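Quick notes on the structure that follows.
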């Protein structure tokens, strides 16, 4: 039987569930949605916080499907035809199947409501049954066009505060009125860009929120409708997105979600926090304290001048203070991209340090900017030029006089198959060979631009999508190979802060200015969308010339509101 014939057979079989020709209801503990199909499109017929709550969808809201594709450089309008809806009660998943005849494509609109508090999710899959390459156009992850708040409403959003929450963070709100046209552009390389989350609050009685489970470029677009008080929301990739889909391939339009709640904004945040912790975040190893107290070693041992005795002395301090994980930061390797213990400063490698840390009942952690390359001639290093180099893996070309920084360098594009394979092998090697319990990445593992023409992306606008998917695959394979490992997401601080990365890591750094006020500001902002338990906050003592950063409870407590990672600068003076 041909692939197309097999797919047609699957359409006609209600696998693991039941099909209905009319409508389907999905519900979490606090969000209910009724989905129908009309004019060959999914339609949201009801959206509320329960049967007795006000309906945000007073009229049917049709969900737009991909309007055009390209074949052999020719633009072709799509004509989607509804085939079947299958509801699987066990998983809470509804799959609506649509087909396009020329070119032959299959589109699945997938809705999911999981038990407990939290939102309903939606994503789309497009499969190429055409036999030749098809170029896909933009498709939103979630569209809710025609929302009707039942009273005066305000829209709330936050900036991620990635580098410094005092200058790049913030909590913002504005009223829903006829002039509203708000675009929240999500960019994992911009520390001031919004977290992909938006709440619509009606007084202190009820609200609605949306979010995007992806780390690449995208946006939430909120705009006023034609009728007074009407609101349109679109969540997903940027409107100029396009990418190629080869024969037999399946393209994922990343998940988004919508949640309803009764009460004020804090009630909505709490519901979302439960969803993040119970449904999105990976489980920590059994018996691991959460949040774990981590001791980060960089300046206190002399930075990249530190030697074995210095690191062992810091590990002893870590033990004496009662911290649970000991992490050498950007100071253990000889050169950027040469991710091995410096043989000059650490002739015995990590061995003595690892044995001491584990012998004292602590967890062995390590920092590594594993997507950054330099100029090392070592055969195992990641280098931009030289006999063992792979310049074709990087996002850019580098001049003959280019030099890396002390712990950053040329950046891999994980939309490149070779780069992704190298990163997969390297992260697993680090975890296995160094007996790591905890691995922290840094310095932009997801690129948003790339000049190479041999990678999976083809149009520039799809570079961040494929780089993100590559990053996700590296992280997922690492967790499969090392299921007990703890993963920390640092990217120049909190640049990558969203509902996709938190499904591949346990902790996300909240800001990169390790001071009492930025910590407090960042945790205030970010906890509207994300639970404080997963937000990693660092502390430097007496590093910045500001009040309140001397070693003591005021500084420490600024990070204890989240997952505290102490980063001492001068413990001998304590």
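In the working numbering, the protein residues as written are 526 to 1099.
For every residue, glycine included, the Cβ atom is placed at its ideal position computed from N, Cα and C.
Please read all numbers here as calculations on a predicted model, not as lab measurements.
- Rounded to whole angstroms, the gap between the alpha carbons of residue 934 and residue 547 is 56 angstroms.
- Distance between residue 965 and residue 631, taken at the CA atoms: about 39 angstroms.
- Residue environment: residue 1073 is assigned as exposed (fewer than 16 neighbouring CB atoms within 10 Å of its CB, all protein chains considered).
- Residue range 1078-1085 is occupied by the alpha helix (DSSP H) that includes residue 1079.
- Counting only the Cα atoms, residue 941 lies some 20 angstroms from residue 712.
- Out of 1041, 687 and 704, the CA that lies nearest to the CA of residue 719 is found in 687.
- Below 8 angstroms, too few C-beta pairs join the region 672-687 and the region 647-658 to call them touching: fewer than three.
- The C-beta distance from residue 890 to residue 856 rounds to 13 angstroms, too long to meet the 8 angstroms contact threshold.
- The beta carbon of residue 1036 is closer than 6 angstroms to those of 686, 690, 1018, 1019, 1043 and 1047 in its chain, skipping five residues each way along the sequence.
- For residue 619, the CB contacts under 8 angstroms within the same chain, skipping 5 residues up- and downstream, are 549, 551, 560, 610, 611, 612, 613, 635, 636 and 637 in chain order.
- Contact between residue 801 and residue 1056 holds, since their C-beta atoms are separated by about 6 angstroms, short of 8 angstroms.
- Fully enclosed alpha helix (DSSP H) runs of no fewer than 4 residues are not present anywhere in the region 702-733.
- In the structure shown, residue 864 falls within a coil segment according to DSSP collapsed to helix, strand and coil.
- Per DSSP, reduced to three states, the secondary structure at residue 854 is coil, with no helix or strand assignment.
- About 7 angstroms separates the beta carbon of residue 1052 from that of residue 794, a gap short enough to meet the 8 angstroms contact definition.
- Annotation: residue 1068 to residue 764 spans about 43 angstroms, alpha carbon to alpha carbon.
- Within the DSSP secondary-structure output, residue 1062 pairs in a beta bridge with 1089.
- With a contact defined as Cβ atoms closer than 8 angstroms, residue 768 and residue 990 qualify at about 7 angstroms.
- Collapsing the DSSP output to three states places residue 958 in a helix.
- In the three-state scheme derived from DSSP, where H, G and I count as helix and E and B as strand, residue 878 is classed as helix.
- Taken in chain order, the complete beta strand (DSSP E) segments of 3 or more residues contained in the region 961-1020 are 963-966 and 1011-1014.
- For residue 547, there is no enclosing beta strand (DSSP E), as DSSP marks it with neither H nor E.
- Shown here, residue 1030 sits in coil according to DSSP, grouped into three states, outside any helix or strand.
- Boundaries for residue 1098: no beta strand (DSSP E) harbours it, and the DSSP string shows neither H nor E there.
- Collapsing the DSSP output to three states places residue 556 in coil.
- The shortest CA-to-CA distance from residue 569 to any of 578, 978 and 557 is the one to 557.
- Per DSSP, the continuous beta strand (DSSP E) segment holding residue 637 begins and ends at 630-638.
- With a 10 Å radius around the Cβ and a threshold of 16 neighbouring Cβ atoms, residue 616 comes out exposed.
- For residue 576, the closest of 950, 952, 786 and 742 by C-alpha to C-alpha distance is 786.
- Contact annotation: the region 1001-1011 does not touch the region 969-979, with fewer than three C-beta pairs closer than 8 angstroms.
- Residue 660 is bridged by DSSP to 595 and 769.
- In this structure residue 732 is buried. Its beta-carbon is surrounded by 16 or more other beta-carbon atoms within 10 angstroms.
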